[in-house]
Amino acid sequence: MVSVAFINPLSDEGEIIVRELGDFGRVLSDNDDLMQIVTGSRSQEISDDSFIPRNYIDLAIKRIEWFVKKKNDRNFDNNQYEFLFNTEILKFDVIAFYLLCQAVGVKYGPNSRESRVMVESQGKLIEYRLEKLPKNIREELVTNILNSLISSTHIKWTFFEDLISTKKLKLQDLILDQGEIILDKDDFLERFSHKIHGRKPGKMYEALIGDRIKELVMIKMVMQNTENYILKVGEKSDREIEPNPILLELADKISDVLATSVRSYGIGGSYSGSVKASALNPKAFPPCVKKVMEGMKSGGRNDAIIMFLTPFISYARLYPSVFSENITKQISDIDPSLLIVQNEVLPLIFGAAERCTPPLFEDQPQDKVNLNAKLGFGMHQNPDLKNEGETIWYTPMSCEKVKIHLPSLCKPDENCKKIGNPLSYYNMMIWKVKKEAKTESATDNTE
Amino acid sequence: MVKIEYLTPASPEERKRYYREEWDIKQVPDFIAHSIQEREFGFDHVGRGPNDRYKVFRTPDLLKRFLKVRTPFAAYCSVAFYDKPRRRDKWTKAELVFDVDAKDIPIRTCECESVCEICLNEAKEIVCGIIDTLKEDLGLNNIHIVYSGRGYHARVLDDDVTHINSDVRSQIVKYLVGAEVPENEYSLNYEKVSYEHFVIPFGYPNVFTERVKYSILHLNEHSNLDEVNKKLLKDVLKNRHLIEDNNWGLFKNKIGPLRYKKVVNGIASMNMSLVDAKVSIDLKRILRLPSSLHSMVSMKCTEVKNIETFDPFKEAVPKFVYERKE
Ligand code: SF4
Ligand SMILES: [Zn+2]
Numbered sequence: 002m003v004s005v006a007f008i009n010p011l012s013d014e015g016e017i018i019v020r021e022l023g024d025f026g027r028v029l030s031d032n033d034d035l036m037q038i039v040t041g042s043r044s045q046e047i048s049d050d051s052f053i054p055r056n057y058i059d060l061a062i063k064r065i066e067w068f069v070k071k072k073n074d075r076n077f078d079n080n081q082y083e084f085l086f087n088t089e090i091l092k093f094d095v096i097a098f099y100l101l102c103q104a105v106g107v108k109y110g111p112n113s114r115e116s117r118v119m120v121e122s123q124g125k126l127i128e129y130r131l132e133k134l135p136k137n138i139r140e141e142l143v144t145n146i147l148n149s150l151i152s153s154t155h156i157k158w159t160f161f162e163d164l165i166s167t168k169k170l171k172l173q174d175l176i177l178d179q180g181e182i183i184l185d186k187d188d189f190l191e192r193f194s195h196k197i198h199g200r201k202p203g204k205m206y207e208a209l210i211g212d213r214i215k216e217l218v219m220i221k222m223v224m225q226n227t228e229n230y231i232l233k234v235g236e237k238s239d240r241e242i243e244p245n246p247i248l249l250e251l252a253d254k255i256s257d258v259l260a261t262s263v264r265s266y267g268i269g270g271s272y273s274g275s276v277k278a279s280a281l282n283p284k285a286f287p288p289c290v291k292k293v294m295e296g297m298k299s300g301g302r303n304d305a306i307i308m309f310l311t312p313f314i315s316y317a318r319l320y321p322s323v324f325s326e327n328i329t330k331q332i333s334d335i336d337p338s339l340l341i342v343q344n345e346v347l348p349l350i351f352g353a354a355e356r357c358t359p360p361l362f363e364d365q366p367q368d369k370v371n372l373n374a375k376l377g378f379g380m381h382q383n384p385d386l387k388n389e390g391e392t393i394w395y396t397p398m399s400c401e402k403v404k405i406h407l408p409s410l411c412k413p414d415e416n417c418k419k420i421g422n423p424l425s426y427y428n429m430m431i432w433k434v435k436k437e438a439k440t441e442s443a444t445d446n447t448e
Numbered sequence: 411m412v413k414i415e416y417l418t419p420a421s422p423e424e425r426k427r428y429y430r431e432e433w434d435i436k437q438v439p440d441f442i443a444h445s446i447q448e449r450e451f452g453f454d455h456v457g458r459g460p461n462d463r464y465k466v467f468r469t470p471d472l473l474k475r476f477l478k479v480r481t482p483f484a485a486y487c488s489v490a491f492y493d494k495p496r497r498r499d500k501w502t503k504a505e506l507v508f509d510v511d512a513k514d515i516p517i518r519t520c521e522c523e524s525v526c527e528i529c530l531n532e533a534k535e536i537v538c539g540i541i542d543t544l545k546e547d548l549g550l551n552n553i554h555i556v557y558s559g560r561g562y563h564a565r566v567l568d569d570d571v572t573h574i575n576s577d578v579r580s581q582i583v584k585y586l587v588g589a590e591v592p593e594n595e596y597s598l599n600y601e602k603v604s605y606e607h608f609v610i611p612f613g614y615p616n617v618f619t620e621r622v623k624y625s626i627l628h629l630n631e632h633s634n635l636d637e638v639n640k641k642l643l644k645d646v647l648k649n650r651h652l653i654e655d656n657n658w659g660l661f662k663n664k665i666g667p668l669r670y671k672k673v674v675n676g677i678a679s680m681n682m683s684l685v686d687a688k689v690s691i692d693l694k695r696i697l698r699l700p701s702s703l704h705s706m707v708s709m710k711c712t713e714v715k716n717i718e719t720f721d722p723f724k725e726a727v728p729k730f731v732y733e734r735k736e
């Protein structure tokens, strides 16, 4: 039987393992048991020493590395991390999990990139671990964990408020009836069988809910609990005087792993890695931006140009990696003389404003002031270095916000499924567009 | 009918007559009157927006005196509850609201400039659909409907939802209006099974089916759907009687599966404008006070007791309108 803690380290079983560890100092010393399990894992690559974690801290780092590389590194080799899927690693894995959460909580808190990566990596790890288990064990495990996380069979959807709020779960993915989430098969059949015509209700249950939704709910709940745990650690450490130096060191190593991934793998998978600022390529604009660029024919032109387009164009041109770097900047940090703003950014925005019916800015000088404010240059007519910082440089609206504030703009295409912000769309596409252009010019010289 | 005389602005004298002779504090619904001291009020005295905000009334009587004396152009009250409403401080909760404004419905069968009987009726149908889903799917029951003068507000006061944040509210909006096309392929033990939304008679796919049905039945040859060209629109209109009888499979076949996908995609993205989502996610919004006068159109903002039978042109027209000279 696979332990529940292999999937949910925050379970009672997991806590027992942590209590058994005893002396904290041991996490840094070489651990033969651990190395033995690692090297004995099926298909584990052992040709290089660096593939083998020697102690708890190493293992913790490997956990994060696996996730980051898997996402970003095109040469990623899962065989270097097979030990993560070996159930014998349980005890070590649980400790590594707690070390990571505590390091991140103490040093960065719950709203950091490090915390996000930790939570996401736990989710992904669970997914892959489950996949490698035989079907019956997997089902039993999921049911067990769910039962311990959810106490009653009648769960109101509001129970998942956190998950919905943080978009880990979409309301649409759940089957709701009279305010309750339907997870159980008998319950499903009782409620819906009589309504279903021409299809087998049992099969419909398996497809729409079945193990898929149960697993989804379970994974997302563990992720949410991980996030909550990091939050708790963070709050507690605010009250403590000296955080443990081992944790602080681990925290630094975690951000090293993230930084290396941004530097060396760039925009491979996460699309937002180290995209460099460069001339804009309108071909790579998302549908919503293309639409505003054509000029707004009806209502909302003000918001579309000032709130939506201005931040998008300025960040796409000057600081496309804002979300992955997560460092607040001013325009002059990148464009010290404001030449790019004057020659490339503003002309595009003004062009779009002129194409509106009626054109924006013509009759309302106040709008120009508002535009300037969004670039961080305060409430003035024109961008001027001496006013910079009076307002903040607005970051681009997320797709979510666009859908709410400017619903007519969002006409998602296939690529939109992979992103949550028009800027990420651009970063992803600019790379694709370039590649396409290259292959085109290589194969077709006649034009 | 003297239809032209409806829906025109009320003069200051008419406002005065309305508040002094016709209006009664009892018309303020209990769900507001009972929590009056926790809410913020706002007023528009001259018709330029609610600039007079942060008003608080400890009792309905004080509100009554204010309205009778000031006879404002418009009166509003917060969906939010505060411990200290005068400073909008110590927010405790907020109603969950959905605002369907007839003049902003993305597809209307009328071609009026602002609102008319036809689009008001369409707003009512949309609100009814939303309320059904609120009850049947989300299990919410403490719902009040208000005729706003130009459309409808659905105001939910169930304890389950009054504390939720904007992110959750925005997800609810998307669910209710059918803003996303549901999956149609599901994996089941290594095989893929496909269920179009219309064969699933429950959950979100069912909500989506209802909204698409409504939209398709209200399209006309001038409607504008993304990615749907004139020819496709024409085919939709020609075959939509099939949907009226719920023959979705046939309809999809007639249109062709790829083109069907275009149609539902177009409708999904349009659906987001069925309600004003900005209102729903705003935790401190002020909404027109039921019983007050909508002076722009000379209609009463009224709580609707029975939405099925409610007719704004009977129940929301102030007396002075009938006495206007032609
Ligand atoms: S999904 Fe996002 S990027 Fe795509 S059109 Fe909508 S707002 Fe733009
Ligand atoms: Zn109309």
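So the protein lines, in turn, are chains W and P. Per my numbering, the first sequence starts with residue 2, numbered consecutively. Per my numbering, the second sequence starts with residue 411, numbered consecutively. Even glycine gets a Cβ: it sits at the ideal position worked out from N, Cα and C.
Roughly how many angstroms separate the alpha carbons of W/Val234 and W/Glu66, rounded to a whole number? 22 angstroms
The alpha helix (DSSP H) enclosing W/Phe313, as first and last residue numbers: From DSSP, the alpha helix (DSSP H) with W/Phe313 extends over Thr311 to Leu319.
Spatial neighbours of W/Asn282 within its chain, please: C-beta separation below 7 angstroms, excluding the five flanking residues on both sides. Ile431 and Val434
Excluding sequence positions up to five away, which residues of its chain have a Cβ less than 6 angstroms from the Cβ of W/Ile220? Gly124 and Ile127
Under 7 angstroms Cβ-Cβ, which residues of chain W neighbour P/Lys688? Ile405 and His406
Between the segment 370 to 403 of chain W and chain P, which residues of the former have CB atoms less than 7 angstroms from a CB of the latter, in chain order? Glu401
Tell me which same chain residues have a C-beta within less than 7 angstroms of the C-beta of W/Arg130, skipping the five on either side of it? Within the same chain, W/Arg130 has close Cβ partners Phe7, Ile8 and Phe86.
Does the beta-carbon of P/Phe723 have 16 or more other beta-carbons within 10 angstroms, so that it is buried, or is it exposed? exposed
Based on Cα-Cα distance, which residue from P/Ser708, P/Arg560, P/Arg449 and P/Ala726 lies nearest to P/Pro495? P/Arg449
When you compare the segment 620 to 636 of chain P with the segment 223 to 231 of chain W, are there three or more beta-carbon pairs, one atom per stretch, that lie closer than 8 angstroms? no
What is the rounded straight-line gap between the Cα of W/Lys404 and the Cα of W/Val39? 48 angstroms
Taking beta-carbon pairs under 7 angstroms, can you tell me which members of the segment 172 to 190 of chain W lie near chain P? Listed by position, the residues of the segment 172 to 190 of chain W near chain P (Cβ gap below 7 angstroms) are Leu172, Gln173, Ile176, Leu177, Asp178, Gln179, Gly180 and Glu181.
For W/Phe98, which beta-bridge partners are listed by DSSP? DSSP output for W/Phe98 lists no bridge partner at all.
Please list, in chain order, all residues with a C-beta atom less than 6 angstroms from at least one heavy atom of ligand 2. P/Arg518, P/Cys520, P/Cys522, P/Val525, P/Cys526, P/Ile528 and P/Cys529
With a cut-off of 8 angstroms, do at least 3 Cβ pairs link the segment 141 to 149 of chain W to the segment 204 to 220 of chain W? yes
Along chain P, which residues have their Cβ under 8 angstroms away from the Cβ of W/Met205? Tyr605 and Ile610
Any non-hydrogen atom of ligand 1 within 8 angstroms of W/Leu410 CB: W/Leu410 Cβ: within cutoff of ligand 1.
Straight-line gap, W/Cys357 to W/Phe193 (C-alpha atoms, nearest Å): 50 angstroms
Applying the criterion that 16 or more other CB atoms from any shown protein chain within 10 Å of the CB defines a buried residue, is W/Arg27 buried or exposed? exposed
Identify the contact partners of P/Leu548 in chain W, using a Cβ-Cβ distance below 7 angstroms as the criterion. Result: Trp158, Leu177 and Gly180.
Helix or strand or just coil, what does DSSP make of P/Arg698? strand
Integer Cβ distance of P/Ser701 from P/Thr712, believed to fall under 8 angstroms: With a Cβ gap of about 7 angstroms, P/Ser701 and P/Thr712 count as contacting.
Counting C-beta neighbours from all protein chains within 10 Å, is the total for P/Asp569 16 or more, i.e. buried, or is it exposed? P/Asp569 should be labelled exposed.
In the DSSP assignment, find the unbroken alpha helix (DSSP H) run with P/His628 in it and report its ends. Gly613 to His628
Selection from W/Leu147, W/Ile314 and W/Lys201 that minimises the alpha carbon distance to W/Tyr426: W/Ile314
Apply the 10 Å Cβ neighbour rule to W/Gly274 and answer buried if 16 or more other Cβ atoms are within range, or exposed otherwise. Residue placement at W/Gly274 cannot be trusted, given a pLDDT of 41 that sits under 50; what the coordinates show is reported in the next sentence. Buried, since its Cβ has 16 or more Cβ neighbours within 10 Å.
For P/Val456, which residues from the same chain have a beta carbon less than 8 angstroms from its beta carbon, with the 5 sequence-adjacent residues on both sides left out? Phe483
Does ligand 1 have a heavy atom nearer than 8 angstroms to the CB of P/Pro419? no
For W/Ile335 and P/Gln581, the rounded distance between their alpha carbons: 37 angstroms
Residues near ligand 1, criterion Cβ-heavy atom distance below 5 angstroms: W/Pro287, W/Pro288, W/Cys289, W/Cys400, W/Val403, W/Cys411, W/Pro413, W/Cys417, W/Pro423 and W/Tyr426
On the three-pair Cβ rule with 8 angstroms, is the segment 539 to 551 of chain P touching the segment 648 to 655 of chain P? no
Reducing DSSP to helix, strand and coil, say where W/Ser409 ends up. Note: W/Ser409 maps to coil in three-state DSSP.
Is there a Cβ from chain P that is less than 9 angstroms from the Cβ of W/Pro413? yes
If the criterion is Cβ atoms closer than 9 angstroms, does the pair W/Ile332 and W/Leu372 meet it? no
Going along the chain, which residues of its own chain have a beta-carbon closer than 6 angstroms to the beta-carbon of P/Leu642, five neighbours each way excluded? Arg669
Nearest-angstrom Cα separation, counted from W/Val323 out to W/Pro384: 21 angstroms
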